[in-house]
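Chemist: My questions all concern the structure below.
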Amino acid sequence: MKRSEATKPGEVQKKNHDKKKEPNNDKQETSDQKIDVDNMKSKKEQNKKKESDVENPKVLEKEPQAEEKTKSPGISKESPRPPNGGKKMKDRLEKNKKSVTVDNLSVTPTVQVILPPVHPTENYIPSLPSGCLLSESTIACASTKMKYLPLMTDPGLKTLYLADNEISKLPARAFSGLPNLEWLDLSKNMLGESGLAVDVFKNLTKLKRLNLDGNNLTVLPLLPQSLQELKVNDNKLQELHRYSFRGLSNLLTLQLEGNGFHDGNVYPLTFKPLKKLIYLRLDRNKFRAIPSGLPASLQELHLDNNRIEIVSEGILNKTLNLSILVLSNNRLQENHIAPRAWIDLLNLESLDLSNNYIVHVPSFLPRGLKQLVLHHNQIELIPGYVFAHMKPGLEFLHLSHNHLRDEGIHAVSFFGLYKSLNELLLDNNLLQSIPRGMLSLKALQVLRLSFNKIRYVPLNSICDTRISEDSSLISVHLEHNFINRHLIPPTAFSCIKTYHSVILRPQNGEYEDYY
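Here the sequence shown is numbered in this note's numbering, starting from 1148 and rising by one per residue.
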């Protein structure tokens, strides 16, 4: 409605008033103010009407039904208003809000509900055989007849123990889901060259200990640089070339027992990359000599049960840190041991030459030696002063199961050991009397002379009755000899203060007894 149309009644009244009365300026201004008020009221009424029309729209004469079918029943700007006004629309919305509920969230039908994607769990451990033991960082499935390794994903797994199973194949990605694995035991399985991917262990960058004992490997796989301990005993390895241990600068322990190694298939530079190696086992192979090129860091070397016949001079010159050397069960003779083969090994403390063909106690033994093992040889003689150069001297001397006779031990045979020797084992020899020089061994605690041919225990042969001080002896074995205990002098063992420490029986078929 136009403003000019709203003021026409006022104009008619003004004309009539002008005809009856003379013009008056004051009254005219009052009349004009009244007209303005009327116009303002009329305008307010029109605005209220418009607002009412918005809230309560009239029903359209013709509503397109086809469009209603395609419209969404929810809130939409294009949807026509219902005839009963906003209240019904509000009630309808409240009803629709209660009609769909997802995880305690109320959703109107017009809203598209998108659920968060379901991700697989971070750790995936498949079904494992019965008998497996699981903890937070360990899986142990030993002796469960497992034939293949299931794919596992567990960043927290550090120890995987799969020993004594029937696993014959390991694909390249067998351990890709175990990035933090530190200890892996696959010993006593059926792994061979064809079933073991060459790089199956390469990406285990935190692996420290790997056990492959008792398989059928003919070559070594690629190994991670983090490795500190490697065991490949009792396999079918036939060669060690210059790249066999490439990159293994952190390796501390290496065990290669029971393979087919010999002097011709172990390359001289094989062990060069092993800068930190301290423990090496090459037992039960076919070496005829100590392998060359051993790392300078080596502290313990085991070559038990080989075919070693010679120890050449200079072969151990670079292994100056060596403290334990085991050459038992070989074919060594003392005349095939170079005079200065190991005399300069100042750190060598234990030397095992048992089960060889040695006839005399070897000369030029390492100066700092503390333990010398010579049992099960053919030793007939302990040369005089053979230990004289040792500082501070041997503590343990094992000469059991040899061919020693009385004449093979001199009064100065143990010179150099008087203040150091703690144990002397001379059992299972051919001795007919107590060896000379026993009284000089002031530090001796254990003396074993059983299984000999001893007939007498003379006075002052074990205890010096001429002095009053006690002996350090705590154990003396004289059983299985030919001693008549009734002929033993009463003070023969007076220096030994430990009760039941002297074993005399059985003798000649008698039962065991104590002095």
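Just so it is clear, CB atoms sit at the ideal spot from N, CA and C, and this is done for glycine as well.
Small disclaimer: the values here were computed from a predicted structure and weren't measured.
Please state if the CB of A1436 and the CB of I1457 are separated by a distance shorter than 8 Å.
Modeler: Yes. Within cutoff.
Chemist: Check the Cβ-Cβ distances between L1568 and every residue of chain D, and say whether any is below 8 Å.
Modeler: The structure shown contains no chain D, having only a single protein chain.
Chemist: Restricting to Cα atoms, I'd like to know which of S1439, L1469, R1431 and M1537 is closest to L1448.
Modeler: Among S1439, L1469, R1431 and M1537, the Cα nearest to that of L1448 belongs to L1469.
Chemist: Can you give me the C-alpha to C-alpha distance between S1274 and C1288, rounded to a whole angstrom?
Modeler: So the alpha carbons of these two residues sit roughly 12 Å apart.
Chemist: I need the straight-line Cα distance from L1634 to S1608, nearest angstrom please.
Modeler: In a straight line, the C-alpha of L1634 is about 14 Å away from that of S1608.
Chemist: Can you give me the C-alpha to C-alpha distance between I1462 and L1427, rounded to a whole angstrom?
Modeler: Rounded to the nearest angstrom, the two C-alpha atoms are 16 Å apart.
Chemist: Report buried or exposed for R1487, applying the criterion of at least 16 other Cβ atoms within 10 angstroms of its Cβ.
Modeler: With fewer than 16 Cβ atoms within 10 Å of its Cβ, R1487 is classed as exposed.
Chemist: Taking Cβ positions, are I1484 and P1513 nearer each other than 8 Å?
Modeler: Taking 8 Å as the Cβ cut-off, I1484 and P1513 do not qualify as a contacting pair.
Chemist: Go ahead and label N1631 buried or exposed: buried means 16 or more other beta carbons lie within 10 angstroms of its beta carbon, across all protein chains shown.
Modeler: So N1631 ends up on the exposed side.
Chemist: When you compare only the Cα positions, how much space is there between S1560 and A1535?
Modeler: C-alpha separation (whole angstroms): 9 Å.
Chemist: Rounded to whole angstroms, what's the CA-CA distance from L1651 to K1294? Just pull it up for me.
Modeler: When rounded, the distance between both Cα atoms is 58 Å.
Chemist: In this structure, how does DSSP classify L1634 when only helix, strand and coil are distinguished?
Modeler: Note: L1634 maps to helix in three-state DSSP.
Chemist: Provide the residue(s) that pair with E1404 in DSSP beta bridges, ordered along the chain.
Modeler: None; E1404 has no bridge partner.
Chemist: Between which two residues does the beta strand (DSSP E) containing K1378 stretch?
Modeler: Run containing K1378: E1376 to K1378, per the beta strand (DSSP E) assignment.
Chemist: Which runs of the beta strand (DSSP E) at least 3 residues long sit entirely within the segment 1475-1501? Give them in chain order.
Modeler: Complete beta strand (DSSP E) runs here, min 3: 1497-1499.
Chemist: Would DSSP call L1416 helix, strand or coil?
Modeler: DSSP places L1416 in coil when its eight states are reduced to three.
Chemist: Does the Cβ-Cβ distance between F1434 and F1408 come in under 8 Å?
Modeler: Contact: yes.
Chemist: The beta strand (DSSP E) that contains R1514, what's its start and end?
Modeler: Taken as a continuous stretch (DSSP letters only), R1514 belongs to no beta strand (DSSP E), as it is neither H nor E.
Chemist: At which residues does the beta strand (DSSP E) containing I1286 begin and terminate?
Modeler: Looking at the DSSP string, the run of the beta strand (DSSP E) that includes I1286 is T1285 to A1287.
Chemist: Pick from E1570, Q1592 and K1355: whose alpha carbon is nearest that of K1305?
Modeler: Of the candidates E1570, Q1592 and K1355, the one whose C-alpha sits nearest the C-alpha of K1305 is K1355.
Chemist: Distance check for N1524 and S1501, CA to CA, integer angstroms please.
Modeler: Each residue's alpha carbon lies about 6 Å from the other.
Chemist: With 16 as the cutoff for other CB atoms within 10 Å, does H1647 come out buried or exposed?
Modeler: H1647 is exposed by the Cβ-count criterion.
Chemist: Leaving aside the five residues before and after N1362 along the sequence, list all residues of the same chain whose C-beta is less than 6 Å from its C-beta, in chain order.
Modeler: Answer for N1362: N1336, L1338 and N1382, listed in chain order.
Chemist: Does E1447 come out as helix, strand or coil in the three-state DSSP assignment?
Modeler: Strand.
Chemist: Less than 8 Å between the C-beta atoms of K1644 and S1619, yes or no?
Modeler: No; because the gap between Cβ atoms is not below 8 Å, this pair is not in contact.
Chemist: From the DSSP output, which residues share a beta bridge with H1624?
Modeler: In DSSP, H1624 forms a bridge with R1595 and I1650.
Chemist: Determine, using beta carbons only, whether N1482 and N1453 come nearer to each other than 8 Å.
Modeler: No; because the gap between Cβ atoms is not below 8 Å, this pair is not in contact.
Chemist: Hey, would you say the C-beta of I1471 is under 7 Å away from at least one heavy atom of the ligand ATP?
Modeler: Annotation note on the ligand ATP: not contained in the displayed structure, which lists no ligands.
Chemist: At 3 residues or longer, what runs of the beta strand (DSSP E) sit wholly inside the segment 1320-1358?
Modeler: If we require 3 residues or more, the beta strand (DSSP E) runs fully inside the segment 1320-1358 come out as 1330-1332 and 1356-1358.
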